[in-house]
Structure formats: structure tokens, C-alpha cells
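Notes follow the structure.
Protein chains: 2
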Amino acid sequence: MINSVTALQAEVESALSNLGFPEQPARLYEPVRYMLNLGGKRMRPVLVLMAGRMFGASEREIMPSALAVEVFHNFTLLHDDIMDNAPIRRGKPTVHVKWSADVATLSGDAMFVKSVQLLMSCQGKNKSSAVELFLQTALEVCEGQQLDMDFQSDTSVSIDDYLNMIRLKTAVLLGGSLGVGALLAGAADEAVDHLYRFGVNLGIAFQLQDDILDVYADQSKFGKQAGGDIIANKKTFLLLTALACAVGDDKKQLEYWLSLETGSYTPSDKVSAITDIYSRLGVREKAEAKMNELYALALSDLEAVSLSPEDKKPMKELASLLMSRES
Amino acid sequence: MINSVTALQAEVESALSNLGFPEQPARLYEPVRYMLNLGGKRMRPVLVLMAGRMFGASEREIMPSALAVEVFHNFTLLHDDIMDNAPIRRGKPTVHVKWSADVATLSGDAMFVKSVQLLMSCQGKNKSSAVELFLQTALEVCEGQQLDMDFQSDTSVSIDDYLNMIRLKTAVLLGGSLGVGALLAGAADEAVDHLYRFGVNLGIAFQLQDDILDVYADQSKFGKQAGGDIIANKKTFLLLTALACAVGDDKKQLEYWLSLETGSYTPSDKVSAITDIYSRLGVREKAEAKMNELYALALSDLEAVSLSPEDKKPMKELASLLMSRES
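Chains Y and L supply the protein sequences, listed in that same order.
Numbering-wise (the working numbering), the first sequence opens with residue 93 and increments by one.
Numbering-wise (the working numbering), the second sequence opens with residue 93 and increments by one.
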């Protein structure tokens, strides 16, 4: 199974490298090539291909739609990096740093056009439903990004608001990738719906795992700074849960640490103090319970897809692989 | 005829105001509504409707594609305004000034998605060719905007480079609007091609007229500052022609004025001096000759569309109206 994912990743990588972009204008297309060459797990196009294969489509038949999803995803990363002032992406300077924000904006726009062109070039079945799902997903990803930005200054974000935001910003694209692959392979509407929901709930569970790993990952395996979210006061599921549960001294302590200006404290002190509050409030357990609930929900939708367990095995194994990472 | 354009504009305006955007997230969709409510001549959707009508489609049938083109055009204005640091659009603050560059970027992205959704919702004929033409046009508009930005610092821009840039940045969208309308109405490929080229050459002629009016418009009718392009050293057809023709003292004078820093001269002195050079070199006549050549080329393609002169009359009158403005 891991071999099968690796094989699909390699197919995506090779197809991506054969995607021809014009040479000129160089400042429009060079950043596109740079962005697509930065690598990554190519998880979304793999989901498209896997969903297509489940319903009998060949990789070749639906590869353009898999590339469409990957190019779209990279367009959102390009624009998000401008908004987040992110200097680094996969160890390399971001496009707005290496070129300029204007270049990143326009190259991103061109990538979005290219993604729709790729999808339109597909020969699969139910193409107009697939395009419709893709565009609806694209709009929801924009909504999710806007909510994420709004939440930075919004002091009344609830846990449900947060779950809705990560559903839009991250999870619908996993569901949409599966739905597009299944639609183009000619799957029935009911199967498409189940697979879509499987992807969305898996995506939310995956993001919750990200929140948990930020604090509790084994640092020898986790690439990022421990507690980066805590230091940045990021409104994750953990922090919002703590804010919802804390009373008395815990509440005061939490508010104290959140109110401090950057530079006025030692980061590791803040991480320890807030992690201690999380421990007293059982925040990790609550987050894991929510993550497991969503993972189970995802699997029940996969269960409901009317195919043999054998046919669904690769997808189930991919889900398990995604949820068992330690970093 | 002017009545007929006015009627189509009113139909577009009414259909635009009925376009429902969600209320939330407010900072994503409020700027979209704001942008679409700023007004404008709605020339591109009118071209879609007029081309459709020529080949027998009803306005109702292809209105979503007309709106698609208008929403797309406004998306490009939104992103261009960020890149150009433009504070004002149609007398109102631009979105990146009223909200922020991040909001303008993301609302623009959402408008772009919406424009493709609108086009996909059309029930016309040859839909996939229409979508293909629309996407190809969208990519070319991105290329044109990048070239325009490149030209600001490029000291070797030729007149042909400039004509190619305005073709991509401005003219292909006029051609594309006509092509989309004609395709959805079921016009034959040859007619679509002629109409497309009519639009593109008309678009280039229109932009050349803009360059000419910047310097030579009757100031009582022209809304902008006279010689704004001259003051900004903008590489218009006029300046590039002057740079290509000037020798001796004219060349020295021209280079002198182009080398001055903003604030180190009286703007009206620079406008007079450069306009004098233009006069000596016959720059206005050369620009008008090029404009008329392209206008004639456009009309010959309209002529070649295999419809009765009666059927083509509204389009011919619209072209004449566009080219006879004094401001």
C-alpha cells in the first residue's frame, strides 16, 4: 500500500514535470515553475487518482484533473504566503520574497487559470459535475482563508467557528479531490457524496492532529519549533478548548500569557506554562477525542461506499497512514 | 443604436445587481459587491450580448456568460489596482485602500472563481469551446499585466513589444467577449474567428486612442489630467514612437526630460516640452495612422462575417461609437 502511494506520487511528479508553461513573460511563468518544483507530498492529486482508480478510471484518464488540484493548491499557497508574510516554504524563499508580492499575486492568478484549463482538458465522465464541485471547493477555500485572517483579531471565536474554518480552509479540498476523481470515473452520486464526506472529515481530523503535534510531537521527529502555535497565540483547537474550560487561576494565568508582547518573555517559559494549563484541563485528551470522533465519522462514510472492502482497502490504508504520523 | 447599447447596459446592470453573493465572510464578499457596484460602461458584457444576438441567441440565454466576463474584468481591476498602487477607482477608494491588500487579493480570487462558475452555468451551444476561449483569454490578460509591469523598468521596449502588450492586457478581452457570445449562440468557427479578430484590433485601436487623448483631448471633455502619461514617463505608443524617431537636439531634449526626478520640474513645462517634440516628429499623426490602420483591419474582419449588413449594423455602430469619443 505504501508502495502504491509512492507509485502514485511518482506518477504525479512526472506528469507535473511534463506540464509545459511558456517561457515568456519570464516573471509570470518562472515563479509558477519554481512553486511546482518545491515538492511536497502531492497528497491531493494522489487522492484524485486513488478515487478514480476505485471506480475503474485509469490514472492516465484523470491525470489532468489530479494536476488541476495540485496546481490549484499551489496557487492558494502562493497567495496565502503573501497574506501570512511567510518568508520560507519547504525550506526555500517564498515567491513574494524571491520576486515580489506583485509577481506572486499575478503568477498565482495564472496558476488558477491553468488549473481550470487542466480540469477542462479531462476526458472523464460527469465532467460538468466535476468542474462544478472543483469551483465550489475553490470558493470555499477562499472563504476559509478569509475566516482564518478574520480570526487573528476576533476575540469571540468559538470551537465550532474554528472547526468550520479548518473545514473550509483545508478539509474541503481533500473531499473535493476525492469527489472530482470519483465523478470523472463515473461513480454514482451517492458514492461521490460518501467519499466527499470521508475526505472532509479526514481533513478536519488531520488538521486537529496538526494542532496536537505542534505541542506534543516527539521533537526529534517533528520538524517545527515545539509550541510554535502557543508562542504565536494561534487560535487552535487546543487554545480555544482551554479558553472555553479554564476558570479561576488557570483562566488568569492563560490570559496573562496571551496578553504578553513578543520579546517580553522567554518563549520556552510561555510554552511550559500554557502546556501545564492544558494538562490540568485535559485539553490534549479533548482534542484527541474530537480527532478520533471525526476519523471514525470519516471511516463510516468510506464504509458506506458501495464497493468491496478489497476495493476500498488502499483508501482505508492511506487514511490510517495520514492519521498515524508522529510528525 | 445608442438606445440599443443603453438597453443592453441596463439589462447587464440589472442582472449584475441580482447576482447573489453570500453575506459571510463579510470581508470576502463585501468588497466584491462594492467593486461590482462602482459602475462603468459594462462594455465587455454588452459585446457578449451583442455577439450572441447577432447569431440568434436571446440575452437571457447568454446573460450568465456576459456577467462572467464583467466579473472577470473587475477581478483583474482589483488585482491591478494593488500592483499599480492606485488609490482611486471610478471616484471611490480602491478595495486595497478601503480594506487591505490581503482583502483585495482574496476577494479578487473569489471573483475569478465566481466568473468561471457563471460561465459554466450557461446553457448555450459550444460551451466547452467558449470556456476554453475564456480561459485562454484570462491567461493572456495575466501575461499582458506582467509585460506592462516589466516595461516600467525595461529600457529596450519596442513599438511592437508595446502593441503586443496592449493586445494581451486589453484587446484580447474584447475579442474574447465577442467570441464567447458568438460561440454560445452556435456561430460557425470562421465567423467566431472573424469576430474575435474584429474585437482584438478594435481593442488595440481603442487603446491607441487612449494614448492620443491623454495628450490631445479637449480638456473640457477629458476627465483626466492632460499629459498624465507624459508626466509619469509612461511608455505609450507616442513616447515609444518619439524615442524611435528623435535625433540630434530632439533626442537630447527628450532624454533630458525623461531623466528628471519627480518634483525637480514643473509638470506643465514637461508636458509642453515633450508635446513640442511630438509635434516636430509628427508623433500624433503616426499614432493616428496606426490607430486608423487597426480600426480598418477590425472593420474588414467584421465585413467578412457571413451575415447580412443589417445584422452587423449594431456592431459596426458600436465600433464607430467607441472610436469617435473625444474623451
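The beta-carbon is built from N, C-alpha and C at its ideal position, and this holds for glycine as well.
Whose Cβ in chain L lies nearer than 9 Å to the Cβ of residue i?
| i | result |
| --- | --- |
| G202 (chain Y) | The displayed chain sequence assigns Ala, not Gly, to residue 202 (chain Y). What A202 (chain Y) touches in chain L: A230, L231, C234, E235, Q238. |
| L227 (chain Y) | V205, K206, V208, Q209, M212 |
Pull up the distance between the alpha-carbon of residue i and that of residue j, whole angstroms please.
| i | j | result |
| --- | --- | --- |
| V104 (chain Y) | A388 (chain L) | 49 Å |
| M93 (chain Y) | M407 (chain Y) | Note that M93 (chain Y) has pLDDT 46, beneath the 50 cutoff, so the model's placement of it is unreliable and no number is given. |
| L108 (chain L) | K133 (chain Y) | 41 Å |
| G131 (chain Y) | M135 (chain L) | 43 Å |
| E282 (chain L) | S192 (chain Y) | 42 Å |
| M241 (chain Y) | K405 (chain L) | 51 Å |
| Q244 (chain L) | E232 (chain Y) | 36 Å |
| D303 (chain L) | M383 (chain L) | 10 Å |
| R372 (chain L) | S269 (chain L) | 40 Å |
| I251 (chain Y) | L198 (chain Y) | 35 Å |
| E380 (chain L) | G374 (chain L) | 10 Å |
| F329 (chain Y) | Y348 (chain Y) | 19 Å |
| D393 (chain Y) | V249 (chain Y) | 29 Å |
| L410 (chain Y) | T98 (chain Y) | 11 Å |
| K327 (chain L) | D321 (chain L) | 8 Å |
| A143 (chain L) | G273 (chain L) | 5 Å |
| F113 (chain L) | N218 (chain Y) | 26 Å |
| V284 (chain Y) | A396 (chain Y) | 11 Å |
| L260 (chain L) | A118 (chain Y) | 15 Å |
Between the Cα of residue i and those of the options, spot the shortest distance and give me the residue it belongs to.
| i | options | result |
| --- | --- | --- |
| G200 (chain L) | Y:I304, Y:H188, Y:H171 | Y:H171 |
| Q116 (chain Y) | Y:L373, Y:L159, Y:R125, Y:L108 | Y:R125 |
| L162 (chain Y) | Y:P123, Y:L265, Y:V189 | Sequence check: residue 162 (chain Y) is Glu here, not Leu. Answer by Cα proximity: Y:L265. |
| S220 (chain L) | L:R145, L:A277, L:E235, L:L394 | L:A277 |
| A159 (chain Y) | Y:E385, Y:C214, Y:L198 | Checking the sequence shown, residue 159 (chain Y) turns out to be Leu, not Ala. If we check each option's Cα against that of L159 (chain Y), Y:C214 comes out closest. |
| K344 (chain Y) | Y:A365, Y:L414, Y:S356, Y:E153 | Y:A365 |
| H165 (chain L) | L:S150, L:M203, L:P185 | L:M203 |
| Q101 (chain Y) | Y:A279, Y:K217, Y:V140 | Y:V140 |
| N293 (chain L) | L:I323, L:D361, L:T262, L:Y357 | L:T262 |
| L331 (chain Y) | Y:V195, Y:D306, Y:L399, Y:E409 | Y:D306 |
| M146 (chain Y) | Y:R259, Y:V223, Y:A279 | Y:A279 |
| H188 (chain L) | L:P114, L:L120, L:V138 | L:L120 |
| A390 (chain Y) | Y:G267, Y:K326, Y:G183, Y:L275 | Y:G267 |
| G271 (chain Y) | Y:N177, Y:L225, Y:M175 | Y:L225 |
| S207 (chain L) | L:E395, L:T333, L:P137 | L:P137 |
| L128 (chain Y) | Y:F167, Y:S157, Y:P156 | Y:F167 |
| E88 (chain Y) | Y:A336, Y:N325, Y:V223, Y:C337 | Nothing can be reported for residue 88 (chain Y), as the shown portion of chain Y is limited to 93 through 419. |
| V205 (chain L) | Y:D173, Y:V223, Y:Y357, Y:K378 | Y:V223 |
| I296 (chain L) | L:L111, L:S150, L:L414 | L:L414 |
Would residue i be called buried (16 or more neighbouring beta carbons within 10 Å of its own) or exposed?
| i | result |
| --- | --- |
| D310 (chain L) | exposed |
| R417 (chain Y) | exposed |
| I180 (chain L) | exposed |
| G148 (chain Y) | exposed |
| E402 (chain Y) | exposed |
| Y370 (chain Y) | buried |
| D361 (chain Y) | exposed |
| D341 (chain Y) | exposed |
| D194 (chain L) | buried |
| S412 (chain Y) | exposed |
| S351 (chain Y) | exposed |
| G355 (chain L) | exposed |
| A336 (chain Y) | exposed |
| S398 (chain L) | exposed |
| T427 (chain Y) | This structure leaves residue 427 (chain Y) out entirely; chain Y is present only between 93 and 419. |
| G183 (chain L) | exposed |
| D246 (chain L) | exposed |
| D173 (chain L) | buried |
| S106 (chain Y) | exposed |
Counting only Cβ pairs nearer than 8 Å, list the residues of chain Y close to residue i.
| i | result |
| --- | --- |
| V189 (chain L) | By Cβ distance, chain Y contributes nothing, its closest Cβ being about 16 Å from V189 (chain L), past 8 Å. |
| T197 (chain L) | H171, I174, M175, T197 |
Examine the ligand ADP and report whether any of its heavy atoms sits within less than 7 Å of the Cβ of residue i.
| i | result |
| --- | --- |
| V187 (chain L) | With respect to the ligand ADP, the structure offers nothing, as it holds no ligand at all. |
Output, in chain order, the set of chain L residues within a Cβ distance shorter than 7 Å of residue i.
| i | result |
| --- | --- |
| E224 (chain Y) | M212 |
| M241 (chain Y) | D194 |
Using a beta-carbon distance cut-off of less than 7 Å, what residues from the stretch 152 to 185 of chain Y approach chain L?
H171, I174, M175
Scan the stretch 202 to 220 of chain Y for residues whose Cβ lies nearer than 8 Å to a Cβ of chain L and list them as they occur along the chain.
A202, F204, V205, K206, V208, Q209, M212, S220
Could you list the residues in the stretch 244 to 277 of chain Y with a C-beta less than 8 Å from some C-beta on chain L, going in chain order?
none
Taking a cut of 8 Å between CB atoms, which residues from the stretch 125 to 155 of chain Y lie near chain L?
none
Against chain L: residues of the stretch 105 to 119 of chain Y by CB proximity under 7 Å
Within the stretch 105 to 119 of chain Y, the qualifying residues are P117, R119.
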